[in-house]
Amino acid sequence: MTAPYVVSAWSSTNGLPQNSVSAVVQADDAMVWVATFGGLCRFDGRDWSVYDAATTKGFGDSRLTALARARDGSIWFGSELGIVGRESRTGFARIVEFPGGPVGHLAAMPDGRMVCSTPEDVWFVAPDSTVRPVASSPLPLSWAHVVLGPDELLVGGNNGVHLVRAGTAQRVSPLQTTSFAIGPDRSCWLGTNNGLHRFRDGAVEPVVGLAGDAIGSESVKAVLASRSGRLWVGTDREVVCIDPATGTTLHMPTIAGVRCLHEDCNGGIWVGMIGGGLCRLAPCEVEGVVIERRDQRPLAANTVLGTDGGFLVGTQQGLFFVGDGHARRVEEVPVRGVYALHRDGDGTLWIGFSGGVGRLAGNRFESAEAPVAIGCVRACVRDSRGRLLVGTEDGLWVHEAGAFESFAPAPLRGQCVKLIRPMANGGLWLATEQMVVRVDAADVVVEKLLRGHDLPFAEVRAILDSPSGRTSSRPTVPGSSAVAKVARPRSASGRDWWTRTCVPPRRTRRVGWSAAIAARSWSIQAAWTASPTARRRAWCAAR
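Take the sequence shown: its position 77, counted from the start at 1, is 872 in our numbering, and no numbers get skipped.
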């Protein structure tokens, strides 16, 4: 299997309070929660928030060992001291404390109760702190469980695997079991101290063939059945991805033993390690391209460029050619984030990267790095005087004879220039996150429109010459017939990988604002009739 994943990693040096990760779960609002031995962490796509016993009311122990999302959307956590707590919109609250030791695992029942494994027994825990055992006889030294139905559980631990039905426990295997996973086809997978097993027809059986050969008799610490049908297995030394459909496997060594696996709403696989931090494997295939037009003129976008029989699409994993329903990476271009594309009249392709530009002429690729930190190149275009204008996160630059020179107009210095539109008279229209600027043929700013004052709309993403010869600008509204919509590759960089599905419809109606959230190249359109709290939530979701 060719590695179709890009890896992002976090540790105590870039956000985590501690490098031992015991559980990962994604909430209904798409925030990712991570349980560590240094506290509970929340990741919004860019920044980490950390909650621990020293700074947060409701915590009694920062060494967290379990994490789960309840049916009502709240986040439950368990600690090494046996404390079970809950996070909700009102804050953190301690639900119950088991004196026997660490909480091994948490899972949600269909009726709203949580199942909690401890060294002494396995318990049903209700939101009102009511606790009762799941079976009439104790199930000690149980570390993992999975919900099979409304009144049916599979419990595993040092004493083997037990099937619990209507309060009665039956031992179905003597294997020491550390993890369970339910697949899309309702198949049940077990991670044991003797390889990968499956629960079927009331019995536990070893997995033979592809998955069994890939794992062998290794001790499996975590197992995950993804929505795509792939099986993910974590051991003390690697993560193995098994694709039953193609009969291929992918082995990815890890720097520490794998403790947990989780799939987010966009197909990314989170891998938590004991002592090795956290990483996310992001699928990088292009999902699709949808082009809508008002007329026959080609649509321009900074990261999409039409070509014979398809499109060139710039992604976080390089440049892709999309045609005939398939995508392939342009091998001549390095695997770097592509933020802008432009083609000269002679067919030369200019590519904007982070910190510089690249030039692809035929099969020959050359790159030029900027002499200073200019950030990502957001736009590049050739003007009527033959100059290559490069819009970056630090203003506008001119690239001539292989060198970068800063563009003169003062209002653009330090601004993130995302759009450059040359005019026939030699002037330019430029758009930043805060303003729209018109520059004449002598590179003098003759007009400046500020967002929120002169411009009564959101960030400008398109400027187009109208039939009357005047230039008009409008915000990008997802779904407009004048907009080219590109389903960008799933990426581990930035926040592209979850903002597409960030806010569920029911929460949108409750807070009173409407949002259309896509990748970074899209914008959020909010009905500012909501309360200040709702507007703040909308802004945080967009960021």
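Each residue gets a CB set at the ideal place from its N, CA and C atoms; glycine is no exception.
Keep in mind the model is a prediction, meaning the values are calculated, not measured.
What are the boundary residues of the beta strand (DSSP E) that residue i is part of?
i            : result
residue 863  : 859–864
residue 1006 : Element bounds for residue 1006: not the beta strand (DSSP E) but the alpha helix (DSSP H), 1005–1010.
residue 808  : Counting along the chain, residue 808 falls outside any beta strand (DSSP E), and DSSP gives it neither H nor E.
residue 845  : 843–846
residue 1218 : Segment: none, residue 1218 is in no beta strand (DSSP E) and carries neither H nor E.
residue 1016 : That residue, residue 1016, is in no beta strand (DSSP E); it is neither H nor E in DSSP.
residue 909  : 909–912
residue 890  : 886–892
residue 1175 : 1172–1177
residue 1060 : No beta strand (DSSP E) holds residue 1060; DSSP gives it neither H nor E.
residue 1122 : 1121–1124
residue 931  : Where residue 931 is concerned, there is no enclosing beta strand (DSSP E), given that its DSSP letter is neither H nor E.
residue 821  : 816–821
residue 993  : 990–995
residue 1243 : 1240–1245
residue 975  : 972–977
residue 1165 : No beta strand (DSSP E) contains residue 1165, which DSSP labels as neither H nor E.
residue 830  : 827–831
Pick out whichever of the options has its Cα sitting closest to the Cα of residue i.
i            : options               : result
residue 830  : 812, 1239, 824, 840   : 812
residue 1219 : 1193, 1180, 1245      : 1180
residue 1191 : 1072, 1212, 1053      : 1212
residue 821  : 802, 1056, 936        : 1056
residue 866  : 901, 989, 847, 894    : 901
residue 885  : 809, 869, 863         : 869
residue 972  : 1030, 1189, 927, 826  : 1030
residue 1165 : 1156, 1186, 951       : 1186
residue 997  : 1151, 1037, 960       : 960
residue 1009 : 946, 1045, 1149       : 1045
residue 1225 : 860, 1175, 819, 1037  : 1175
residue 1140 : 1113, 1156, 1040      : 1156
residue 941  : 1048, 1052, 982, 1099 : 982
residue 1161 : 1196, 1116, 1169      : 1196
residue 955  : 1133, 988, 851        : 988
residue 1053 : 832, 1067, 1047       : 1067
Short of 6 Å in beta carbon distance, which residues of its chain neighbour residue i, apart from the five on each side in sequence? Order them along the chain.
i            : result
residue 974  : 939, 986, 1017, 1018
residue 1050 : 1071
residue 1207 : 1190, 1191
For residue i, which residues from the same chain have a beta carbon less than 8 Å from its beta carbon, with the 5 sequence-adjacent residues on both sides left out?
i            : result
residue 978  : 984, 1020, 1024, 1026
residue 877  : 892, 893, 894, 895, 896, 897, 898, 913
residue 1202 : 1184, 1190, 1191, 1192, 1193, 1238
residue 1305 : Low local confidence applies: a pLDDT of 31 at residue 1305 is under 50, so the model's placement there is unreliable, with the coordinate-based value given in what follows. Once the five neighbours on either side are set aside, residue 1305 has no close Cβ partner at all.
In whole angstroms, what separates the C-alpha of residue i from that of residue j?
i            : j            : result
residue 1130 : residue 905  : 44 Å
residue 1143 : residue 1173 : 18 Å
residue 857  : residue 879  : 12 Å
residue 882  : residue 843  : 16 Å
residue 968  : residue 990  : 14 Å
residue 1007 : residue 1001 : 8 Å
residue 808  : residue 814  : 9 Å
residue 1261 : residue 1137 : Because the pLDDT of residue 1261 is 47, which lies under 50, any placement of that residue in the model is unreliable, and the number read from its coordinates should be weighed accordingly. Going from the Cα of residue 1261 to the Cα of residue 1137 covers about 22 Å.
residue 835  : residue 894  : 21 Å
residue 899  : residue 1076 : 25 Å
residue 816  : residue 1059 : 16 Å
residue 1193 : residue 1177 : 10 Å
residue 1004 : residue 994  : 16 Å
residue 976  : residue 949  : 11 Å
residue 1128 : residue 1109 : 11 Å
residue 1122 : residue 980  : 28 Å
residue 1032 : residue 1011 : 13 Å
residue 1040 : residue 826  : 31 Å
residue 805  : residue 1073 : 5 Å
residue 1035 : residue 1232 : 52 Å
residue 1148 : residue 1188 : 11 Å
residue 957  : residue 966  : 4 Å
residue 952  : residue 909  : 18 Å
residue 945  : residue 962  : 12 Å
residue 1118 : residue 887  : 50 Å
residue 907  : residue 871  : 12 Å
Beta-carbon within less than 7 Å of residue i's beta-carbon, same chain only, minus the 5 sequence neighbours each way: which residues are those?
i            : result
residue 1265 : Because residue 1265 sits at a pLDDT of 45, beneath the cut-off of 50, its placement in the model cannot be relied upon, and the following sentence gives the value as read from the coordinates. So the list is empty, once near-sequence residues are dropped.
residue 924  : 890, 891
residue 992  : 970, 985, 999, 1000, 1001, 1002
residue 932  : 964
residue 1236 : 1220, 1221, 1222
residue 1126 : none
residue 1100 : 1106, 1107, 1136, 1138
residue 875  : 856, 858, 860, 897
Below 8 Å, can you find three or more Cβ-Cβ pairs linking the region 934–953 to the region 911–925? yes
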